[in-house]
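First up is the structure itself, then whatever we jot down about it.
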Amino acid sequence: MKTSLFLFIMCFCASLIAQSNQNGQVIYEKIFDYDFGDYKGNPAWEAYLADLPKQGRSKFVLSFNENHAFYEKDMANETAVPEKLQNALGKASYGKAPKPETHQVFYDFENGKQTEQVEFMTRSFQVNSELPTQAWKLTNKRKKVLDYVCIGAELTLGEEIYTAWFSSEIPISAGPSIYYGLPGLILAVEKSEAVFILATKIDLSVLPINLESKLKDGKQMSRKNFDETVAEKTEEYNAATKSKARGLIKKGE
């Protein structure tokens, strides 16, 4: 009788803890590589880049409740990019078609939907799509992130294998960016055994409610139509760039 009562109390307490951990906010730090193009083999370009950092860091915020999550870049904590680094990145991207930049994502886990707030060629879009299913494979690996014991799960994307570390103590199938869909909040992500996304702070006292309202304004489009628009505008941009280059060559003859 005493044993049964003890187990009942333990299960009840665990249930209360899980329920209390279904709302909150996480701060992540993401390490990313700067795109300098194919500079190896060009002595002058290599010398110019020699003293510049090859990686940068950005902070992101994930707010979540029981059925929804909202992921966004923490612009308030963005550090200014040094002028020389700005010039190098500008030179490396010269002549290349602009790429879509995702600034915010709203996840509707209850209905399997997501909305991305994307900037493309100075225009803002809200891109709607089904929430993709990630083919995770659970492992028997364990790691502690902050004060949480996490379980490892692997995901193959292209030729890369990613390992996500999630905690079932926070029973939300959310995580940073495209990394979600596990029985617990993802607190870290590795690529080639190196951590590139890491939770630096967790606050379970925050109670996010209407997360979808945080999305910025933008033209509503389906993922299919948006991808077609990007392909079309990219083709137009490349054609215009080639035409301009041919004109300059002809003018210089």
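Each residue of the sequence shown is one higher than the last, beginning at 1 in my numbering.
Note that the Cβ used here is the ideal one computed from N, Cα and C, for glycine as well.
Since we're looking at a predicted model, the values are computed, not measured.
Quick one, are the C-beta atoms of residue i and residue j less than 8 Å apart?
i	j	result
Ser63	Phe32	no
Ile151	Leu138	yes
Lys219	Gln104	no
Asn65	Gln22	yes
Phe106	Leu215	yes
Phe120	Asn67	no
Glu160	Trp136	no
Thr133	Val118	no
Ser222	Asn140	no
Tyr162	Glu193	no
Tyr34	Gly56	yes
Please classify residue i: does DSSP put it in a helix, a strand, or coil?
i	result
Val136	One detail in the question is off: residue 136 reads as Trp in this sequence, not Val. DSSP places Trp136 in coil when its eight states are reduced to three.
Asn210	coil
Phe12	Interpretation of Phe12 is limited by its pLDDT of 37, a score under 50 that renders its predicted location unreliable; the figure taken from the coordinates is listed afterwards. Phe12: helix per DSSP, three-state reduction.
Asn23	coil
Lys219	strand
Does the Cβ of residue i have 16 or more other Cβ atoms within 10 Å, making it buried, or fewer, making it exposed?
i	result
Ala14	Note that Ala14 has pLDDT 40, beneath the 50 cutoff, so the model's placement of it is unreliable and the number below is only indicative. Its Cβ having fewer than 16 others within 10 Å, Ala14 is exposed.
Thr115	buried
Gly112	exposed
Ile272	Past the boundaries of the shown model lies residue 272; the chain is included only from 1 to 253, so the question cannot be answered.
Ser167	buried
Gly184	buried
Pro176	buried
Val145	buried
Ala69	buried
Ala44	exposed
Ala239	exposed
Ile9	Note that Ile9 scores 35 on pLDDT, short of 50, meaning its location in the model is unreliable and no value can be drawn from it.
Ala88	buried
Tyr94	exposed
Leu207	exposed
Assuming residue i contacts residue j (C-beta within less than 8 Å), just tell me the rounded distance between them.
i	j	result
Tyr180	Ala174	5 Å
Ile27	Ala164	So it is not a contact: roughly 17 Å between Cβ atoms.
Phe36	Ala80	That pair is no contact at about 19 Å.
Thr234	Ala97	4 Å
Ile197	Lys30	5 Å
Any beta-carbon of chain D closer than 8 Å to the one on residue i?
i	result
Asn67	As a matter of chain content, chain D is missing from the structure shown, which is built from one protein chain.
Worksheet entry | Complete beta strand (DSSP E) runs within the segment 31–119 (minimum length 3 residues, chain order) | Runs of the beta strand (DSSP E) lying entirely within the segment 31–119, each at least 3 residues long, are 55–64, 68–73, 101–108 in chain order.
Discussion item. Going residue by residue through the segment 138–202, where are the continuous alpha helix (DSSP H) segments of at least 4 residues, counting only ones entirely within it?
Written reply: Counting whole runs of 4 or more residues, the segment 138–202 contains no alpha helix (DSSP H) stretch at all.
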